[in-house]
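Each remark here refers to the structure printed beneath this line.
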Amino acid sequence: MTQSLTDQEFKEEESFIPYADPNKLPAALKEKLDAYLGRMGFLPNALKLYMHRPEIAGVLWTLNDTIMRDASSVLDQQLKRKLALVASKVNGCQYCTTHHCTIVKRPRDGLDEGWDIEQDEVNALLNEQYQPKDEKESVCFDFVTAASLDPTNVEDEIYTRLKQHLVPEEIVELASLIGFWKMYNTIHDSLRIPIEAALLEESQHVGL
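Residue 1265 is where the sequence shown starts when you use our numbering, and the numbers rise one by one after that.
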């Protein structure tokens, strides 16, 4: 059993490059930054690094919103958050996996983003023991896992099931989710982004 860490052990690491000053962010992006603050309840370290290149930050934040939470979404948004958790775990990104675990367990209080998922379900997602509610969910998890590991070697059987249970719009959205988190996970690991102090305890349980 994992033992609780002392307060001293929860000290956040320093970033290997300094964080950008949010006050210098272009006015056009401040609205997006405020939306993140409202949804997350704090300013993630990743955003404080992206702000060094606001032109890139704006594109990434828009892409994130479009894939994960846009009103045009054709896949269930709670399901997409679970799938993103699995993708980030498969990709080996502790930073993103920790954030997903934190978000999915938050209550749906209408303020921060949260999905009311119990710890037992999160543990099942982390340990490949999650039981999908139906065949549609099952093939989504299988596709995300297989394509995150090797997108060129996904079994034909998974593609057959995708066509049986998802419409083309859903398949494209699902593939975009896989690619987006592969990119995000790679960026965040490459930048060695420290996990926020408030999330360090959660990070001890993601198995990475």
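All residues carry an ideal CB built from backbone N, CA and C; glycine is no exception.
Which residue wins for smallest C-alpha separation from residue i, given the options the options?
i	options	result
Phe-1444	Gln-1395, Asn-1417, Ala-1411	Ala-1411
Glu-1466	His-1363, Asn-1328, Ile-1442	His-1363
Leu-1311	Glu-1278, His-1452, Lys-1346	His-1452
Leu-1327	Asn-1387, Ile-1442, Pro-1458, Arg-1456	Ile-1442
Pro-1308	Ser-1336, Ser-1279, Met-1332, Pro-1432	Ser-1279
If you run the structure through DSSP and keep just helix, strand and coil, what is residue i?
i	result
Thr-1416	coil
Ala-1410	helix
Gln-1428	helix
Gly-1239	Since the first and last residues shown for the chain are 1265 and 1472, residue 1239 lies out of range.
Ile-1442	helix
Glu-1460	coil
Tyr-1423	helix
Rounded to the nearest angstrom, what separates residue i and residue j at their Cα positions?
i	j	result
Leu-1464	Glu-1377	19 Å
Lys-1344	Val-1368	11 Å
Glu-1392	Asn-1287	42 Å
Thr-1330	Leu-1390	25 Å
Leu-1289	Lys-1397	43 Å
Val-1470	Thr-1361	7 Å
Lys-1353	Glu-1295	30 Å
Phe-1407	Asp-1334	22 Å
Ala-1439	Glu-1276	34 Å
Pro-1293	Pro-1371	Strictly speaking, residue 1293 in this sequence is Leu, with Pro absent from that position. So the two alpha carbons sit approximately 28 Å from each other.
Leu-1413	Met-1332	21 Å
Asp-1384	Ala-1291	42 Å
Asn-1418	Gln-1468	Position check: residue 1418 holds Val in this sequence, whereas Asn was assumed. Spanning the two alpha carbons is a distance of roughly 31 Å.
For residue i, count neighbouring C-beta atoms within 10 Å of its own C-beta (all shown protein chains included) and say buried if the count is 16 or more, exposed if not.
i	result
Glu-1460	buried
Lys-1427	exposed
Phe-1405	buried
Val-1323	exposed
Asn-1355	buried
Thr-1424	exposed
Given 8 Å as the limit, tell me if residue i has its C-beta closer than that to any heavy atom belonging to the ligand FAD.
i	result
Leu-1289	Ligands in the displayed structure: none, and consequently the ligand FAD is not present.
For chain C, find out if any of its Cβ atoms is closer than 9 Å to the Cβ of residue i; answer yes or no.
i	result
Tyr-1283	Among the chains of the structure shown, chain C does not appear; only one protein chain is present.
Curious, which full-length alpha helix (DSSP H) runs of at least 4 residues does the region 1334-1391 contain? Listed in chain order, the complete alpha helix (DSSP H) runs (minimum 4 residues) inside the region 1334-1391 are 1341-1354, 1358-1369, 1383-1390.
Whole runs of the alpha helix (DSSP H) within the region 1277-1322, excluding any shorter than 4 residues: 1291-1304, 1309-1314
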